[in-house]
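Accompanying notes for the structure given below.
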Amino acid sequence: MTMTQQDAAAEAVPASADGEGHLAEHDATVREAHRRAIGDVMLEVDNITLRFGGVKAITDVSFNIREHEIFAIIGPNGAGKTSMLNVINGFYHPQDGTITYKGNVRQRMRPYEVAMGGIARTFQNVALFRGMSTLDNMMAGRLTKMHGAAERAFDKSLADIPVVNFLTYPFFWTADFLMDAFYWGPYQKEEERHRRRVEEIIEFLEIVDIRRTPVGRLPYGLQKRVELGRALAMDPQLLLLDEPMAGMNVEEKEDMSRFIIDVNEEFGTTMALIEHDMGVVMDISDRVVVLNYGRKLGEGTPDVVQKNQDVIDAYLGVSHDRPG
Amino acid sequence: MATVRPAEGDTFAQILEWNAENRGKLPAIREKHLGIWQTWTWSMVREEIRLLAHGLSDIGVKRGDKVAIIGDNRPRLYWSIVAAQAIGAVPVPMYQDAAAKEMQFVVDHAETRFAIAEDQEQVDKLMETMDLCESLEQIVYSDPRGMRNYTEDYIHSFDSLEERGRAHMQANPSFYNDEIAKSGSDDTAIFLYTSGTTGNPKGVVLTFKNLVSMGRMSVELEKLAEDEDTLAYLPLAWVGDNIFSIAQSYVAGFCVNCPESQATVLQDLREIGPTYFFAPPRIFENVLTTVHVRMEDAGRLKRGLFDRCMKLAKRVGVAKLNGHPVSMLDRFKYWLGGIFVYQPLKNALGFSRMRRVYTAGEAIGPDIFDFYRALGLNMKQLYGQTESTVFVTMQPDDEVYPDTVGIPCPGVEVKVDEATGEVLYRSSGVFKEYYRNPEATAEAKTDDGWVHTGDAGFFDTKKHLKIIDRAKDVGKLNDGAMFAPKYLENKLKFFPFIREVVTFGDQHEFVTAMISIDPDAVGNWAERNNVSYASYRELTSKETVYEIIRENLEQVNQELASDPAMASSQIHRFVLLHKELDADDGELTRTRKVRRRFVAERYKEVIDALYGGASEIHVEIETTFEDGRTGVSAGDLLIVDVPTVAAAPAKAAA
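Here the protein sequences line up with chains A and B, keeping their order. Mapping of the first sequence onto the working numbering: residues 37 to 360, in sequence order. Mapping of the second sequence onto the working numbering: residues 4 to 657, in sequence order.
Here it is in C-alpha cells:
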C-alpha cells in the first residue's frame, strides 16, 4: 500500500513540474505574440554631451527609444545613466546635441514642461510626500492633467484675441480658484474623473489596502510601487524608471518586474529604465544601451549586448554586484 | 427596526424570485469597486442570475453537471453558485489558495465539466489541471486583468457569458422559469469538500433541504431581519459561508458585503459596520492583540482610562449581558465608559452596529471572550460541521459560558454515546452522503440518521454541551476517569507564556505535562524584569519561569477540581522542554497541531522521568534545522510537582 502511494507521489512530481514548464513557455510565447507592436521612434537622443565644469558626465551619446518598448540603460556606477535620464527629463541641459521627442526637436525645457509633454519618472531614492497618503500622492501625480474648467473655456474661445486675453484672464483665474476651493460645479466632476483614474491604477498595482496609509509608514518595496503609481497617474507616454528595483528582495523584484511588464502591455506605456540587476534587465527589456564613463559601449537586444566583448569587459565581466 | 420576513421557496433560485417580488428594492449584495461601494438590489441580482443561468446553459451546462467555482468572495461568484443551481447543475466551490494538484483531485473526483474562476491566477491553475483531468471542458473567468492573451476557445470571459445569456434568453424566454420549477428540496444543492487533515478530502453532498431548512431555522431563532449587514470574507468552499452569505441572506433578505481584497478585510469591516458577524477565534484574537499593542503605545492618560474602563466593563458589561442585576452607580459608570471608551473603540474596530457575533471552529480563550462581551457585544459560540450544515448547538442569549458550545438548536437532536463519549446528532441539516464514497458515508451516518461527529463531549450540569477532544485521542486514567488531552492543552495554551503543551495520562496514575514556553512573551517578560538570558534553553531553565508556569498550572487545577468530570485530570507534574516543538522536526503538523503519538515516542525518556519520580533528567534529541541539516539538542531538564486540589473523590496529591 505504502509502496504504491510512494510511486504515485514520485510520478506526480515530474508531471506537475512539466505542467509548470509548459505554462511558463506558454506565457513567454503568448507575450511575444500579443504585445503591442513596437512602433516608430518616440525619443531620439543625438550626440548628447553633458559637462559639469571640467567633468564630462556624458560624451557624444546617441540612441533612440521606440514606442511601446521597454528600453534599459545599464552601466557601472558613474557611467552617466542617471545624468542621461536627467537630460531626457529636462533637469539637466546638455552642452551639445539634440533631443527629438515625438518628431519635435526639443528646445531648452524645464522639467514641468517635459512632464506636460507626457514624460514621467520615478527616482532612485524614493521621492514621495511621506506625510501624505498613497491616494493623495497619486492625486498629486494628476496635477499636470488638472485644468480649471473656466480656464479651459477661456482657452477655447478667447485666448487668441490679445486684448481680451489681457483683460479677462484674471477674472477666469479667480473664478477657477474659487470653484476649486469650494469644490463646486464642474470641479466636482473634474475631481471625480481624476479620482477614478487614480483608483484604477491603485487596483492595477494591487495597493488597495494601503490607499489611506501615509506612505512614510510603508515598507520600502511598497513605497517604490506607490512611486510608480504616481508616475502612472500622469498617464505618461514615456516613463523613466531610475533603478525601480534597487534595494528590493527577490520577491519584491519579481512583483515589480511583473508590474512593469503589465503596465507596458495594458497601457502601452513606453519605458526607459536604469537597473543594476542584470537578470531583470535581460528578462524584461526589449533593447539595452550600455554606458561606461559617459560613453556608449554598445546597444541592441539583450542577447547581442550580453555577447559584446567591450560590455563584458567593462561591466558584466567584473563582479560588481556580488561582494566578496 | 426592520421586520423579520423569512422568504418562501425550496431552492435558492425560488427564494430569489420571492425576494425580487417582495423586497426587490432592498440591497442584496455590495462590493467595493474603484474605492466605492456598489450595491445590487434583489431585483438586480435576479437579473444577473437569470443572464448567467442562460449563459451557462448556452455553453453547455446541463442538469446534473458539476460546476467548479474558485475565487475570493465576489458577487459574481455568489451569483454563479445560484445560477448553476437554477438550471439544476451542482456548484462545487473550491478553496482559492489550493495548489493546482489539490484542485485537480477535486475537479477529478467531482467530475467537474465547467469551472468559473475569479482571475488569471485561478485560470492558470485550472489550465494546469486540464492537461491531467479528463472531465474539465470549459473555463469562465471574471476579472479580465492579464487575460488578454488567453485566446483558447474553451475560455470565456464573464461578459461574453452574459452576452450569450442575453441571446439565449431572447430565444428561450420561458427557459429559466421552467428550470427553477424543476428543482425541489431533496435535490442536491452543492458539494463541499472538507479540507481533510488525513487522506484525501471528502465531498459532502448537501441538499436544498439541508441548507434552506438550517438557514430558515437560524433566521427565525436569531431574528435576523432584512436590514442586517454582514461581511463575507471566509472561503466560499467552507460550509459556514454558504450558510451565512447565501442561505441566511436569501431567507432573511439581508445584505452581504464583499471586501475589496483579503488584505482590506479589517478596513472594510470598519466602513461597513456589520450588524451580524461571524469569525473564528483567531480573528478575534488578532483584533484584541492589535488593540493591546496600540494601547501600549498610547499616552499615559489614554492608557489609564482604557485600563480602568476595561476593568469596569469586565465586571459590569458581562453581568449586564448575562442579565444579572447591576447597581445604579455601576450602570452610570458603564454609561460614562461607553461615551469615552467603549463606543469609540467599537467604532474604530467596526463593531459599533453589531447585534450578533458568533465564533466557532476552535476553543476561544475566556479572556478574549470576556473582552468582547464586556464591550457589550453579544458574542456567542456555536458548534457544527460541514456534515450538519453548520448548526448542531448554539448558546442562547442569556446563557453564554466561555467553555461550552451551548444547547442543541431547534430541530436538532444531540446525544452522547455512553461507551465512547462521542457526540452524535440528527437533524434536517444532516448531509446526504459523501460523493462517491459509500464506505465513509456508512461509517459516519447510522441507518436511522444519526451522524458521528468524531468529537468527544458531555452535557454539563447546566445542560450545555462541552466539547473536549477528538474522540480517538480521548483515553482513560487508571482510576477509570476520562482523560482528554486537548481539553487540558487548550486551557493551558490560553496562558501567554505557554506556546505548546502536550499532556499525558492515558493508562497512567495521573496527568503530566510537557510544556514549551513562548520565547517572545517570556523574553519580553525577562527584559522588563531584568532577567538576563542568552538562549531559549537558558530561559527555560530559570527558576522564576518555572515558578510562573507552576502558578498557571495551579490555577488550571483549581478550575478542573470544580468540575466533577475533570477533577481527576489535574496536572501533577510538568517539565519545560529545552527546545520548541517544531514542525521541521515532525513534532507539529504544518498547521501547528501536535502530533501526539510521534512526540510520545520521541520524548519517551522524559515521559518515563515524569512518571518515575526523578527531579531532573538529561536528554539528547536530534533536531533538524531550517536548512535541512541535523544536530543534537541536549539539556538537563527539571521536573517540578504541582500542588493539586482535593476534589469530591478524595485523592492524595502526588
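All C-beta atoms in this analysis are idealised placements derived from N, C-alpha and C, irrespective of residue type, glycine included.
Short of 7 Å from the beta carbon of G589 (chain B), and not among the five residues preceding or following it, lie these beta carbons of its own chain, in chain order: R598, F601.
By the Cβ rule, the stretch 249 to 261 of chain B counts as touching the stretch 31 to 38 of chain B, because three or more pairs are nearer than 8 Å. In the structure shown, the three-state DSSP call for D472 (chain B) is strand. In the DSSP annotation of this structure, Y219 (chain A) is not part of any alpha helix (DSSP H), being labelled neither H nor E. By the criterion of a C-beta distance shorter than 7 Å, A267 (chain A) is surrounded in its chain by A156, R157, T158, G177, L275, once the five residues flanking it on both sides are discounted.
With a cutoff of 8 Å on beta-carbon distance, E279 (chain A) and E311 (chain A) are scored as near each other.
The CB of L37 (chain B) comes closer than 7 Å to the CB of R232, E235, E236, E239 in chain A, given here in chain order. Restricting attention to beta strand (DSSP E) runs no shorter than 3 residues, the stretch 240 to 275 of chain B encloses them at 258 to 261, ordered along the chain.
Separation of the CB atoms of V316 (chain A) and M281 (chain A) is rounded to 6 Å, and the pair is thereby assigned contact status at 8 Å. Around Y236 (chain B), the same chain offers N76, P262, V268 as residues with beta carbons nearer than 7 Å, after the five sequence neighbours per side are excluded. For T543 (chain B), the uninterrupted alpha helix (DSSP H) segment begins and ends at 539 to 543. Any Cβ of chain A closer than 8 Å to the Cβ of E137 (chain B) would place that residue at the interface, and such an atom is absent.
For N560 (chain B), the closest alpha carbon among the candidates B:N533, B:D521, B:K494, B:E512 is that of B:K494. The continuous alpha helix (DSSP H) containing R531 (chain B) extends over residues 522 to 531. When DSSP states are grouped into helix, strand and coil, V143 (chain B) belongs to the strand group. Under a 10 Å Cβ-count criterion, D400 (chain B) is classified as exposed, with fewer than 16 other Cβ atoms of the shown protein chains found around its own Cβ. Contact holds between the stretch 637 to 645 of chain B and the stretch 573 to 580 of chain B, because three or more Cβ pairs, one in each stretch, are under 8 Å apart. Between G364 (chain B) and P284 (chain B) the beta-carbon gap is near 7 Å, inside 8 Å, which marks them as a contact.
Contact annotation: I518 (chain B) and I552 (chain B) have beta-carbon atoms nearer than 8 Å. Short of 6 Å from the beta carbon of Y337 (chain B), and not among the five residues preceding or following it, lie these beta carbons of its own chain, in chain order: V319. In this structure, DSSP gives N125 (chain A) a helical state, which the three-state scheme calls helix. Between the alpha carbons of G353 (chain B) and R359 (chain B) lies a distance of about 13 Å. Per DSSP, the continuous alpha helix (DSSP H) segment holding R294 (chain A) begins and ends at 286 to 303. Neighbours of R253 (chain A) in chain B, taken as residues at a C-beta separation under 9 Å, are lacking, since the least C-beta distance is about 13 Å. In chain order, E263, S264, T267 make up the part of chain B whose C-beta sits under 7 Å from the C-beta of V244 (chain A). Bounds of the beta strand (DSSP E) holding D96 (chain A) are 91 to 102. Chain-order list of chain B residues neighbouring R178 (chain A): empty, with the shortest C-beta distance near 15 Å, by a criterion of under 9 Å. Excluding five sequence positions before and after E436 (chain B), the CB atoms of its chain that fall closer than 6 Å to its own CB belong to V208, T444, given in chain order. The beta-carbon of R247 (chain A) is placed less than 8 Å from the nearest beta-carbon of chain B. Here V95 (chain B) is near K69 (chain B), since their CB atoms are less than 8 Å apart.
Secondary structure remark: continuous beta strand (DSSP E) runs of at least 3 residues inside the stretch 61 to 129 of chain B, in chain order: 69 to 73, 93 to 97, 115 to 120. In the three-state scheme derived from DSSP, where H, G and I count as helix and E and B as strand, Q384 (chain B) is classed as strand. Relative to L135 (chain B), the option among B:V254, B:Y153, B:E155, B:E114 whose CA is nearest is B:E114.
Any Cβ of chain B closer than 8 Å to the Cβ of D298 (chain A) would place that residue at the interface, and such an atom is present. For E182 (chain B) and K314 (chain B), the gap between their C-alpha atoms comes out near 59 Å.
Taking a beta-carbon distance threshold of 8 Å, G341 (chain B) does not count as an interface residue toward chain A.
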